[in-house]
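Asker:
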């Protein structure tokens, strides 16, 4: 049970972490597409094969049957779950700048 909760926390952290990223373009990109010259050398002719297909008859229905099924009971427990705190990139940069300014004044 703890491993499931831990896996869910890791996935949540990764998702939240990516959503809080600050992305800046640092270089322009470009693509040069190669050019080709193609020449037709022969006339094409295509004949597709023919098939005779006989499909099966399928009848779908339902019927009632009695089966034994398990029952599930639940209970409330207090468990320890992981917590996640995310500081977005813009807040992180603002804090770093404020700390740098405070260090310069000292």
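Residue numbers (the numbering used here): 17 to 122. Note that the Cβ used here is the ideal one computed from N, Cα and C, for glycine as well. Since the model is a prediction, treat every value here as computed from it, not as a measurement.
1) Considering residue 61, what are the terminal residues of the alpha helix (DSSP H) in which it resides?
2) Where residue 3 and residue 86 are concerned, what is the direct C-alpha to C-alpha distance, given to the nearest angstrom?
3) Distance, Cα to Cα, residue 89 vs residue 98?
4) Looking at the structure shown, is residue 43 part of a helix, part of a strand, or coil, going by DSSP?
5) For residue 65 and residue 73, what's the separation of their Cα atoms in angstroms?
6) Give the range of the alpha helix (DSSP H) segment to which residue 53 is assigned.
Answerer: Let me spell this out:
1) Position 45 of the chain shown, counted from the first residue, corresponds to residue 61. That residue, residue 61, is in no alpha helix (DSSP H); it is neither H nor E in DSSP.
2) No answer is possible for residue 3: the residues shown for the chain start at 17 and end at 122.
3) As a first step, residue 89 must be located in the chain shown, where it is residue number 73. As a first step, residue 98 must be located in the chain shown, where it is residue number 82. Between residue 89 and residue 98, the C-alpha separation is close to 25 Å.
4) As a first step, residue 43 is located in the chain shown; it is residue number 27 there, counting from the start. Coil.
5) Taking the first residue of the chain shown as 1, we reach residue 65 at position 49. Taking the first residue of the chain shown as 1, we reach residue 73 at position 57. Between residue 65 and residue 73, the C-alpha separation is close to 25 Å.
6) Taking the chain shown and counting its residues from 1, the one referred to as residue 53 is at position 37. From DSSP, residue 53 is part of no alpha helix (DSSP H); its letter is neither H nor E.
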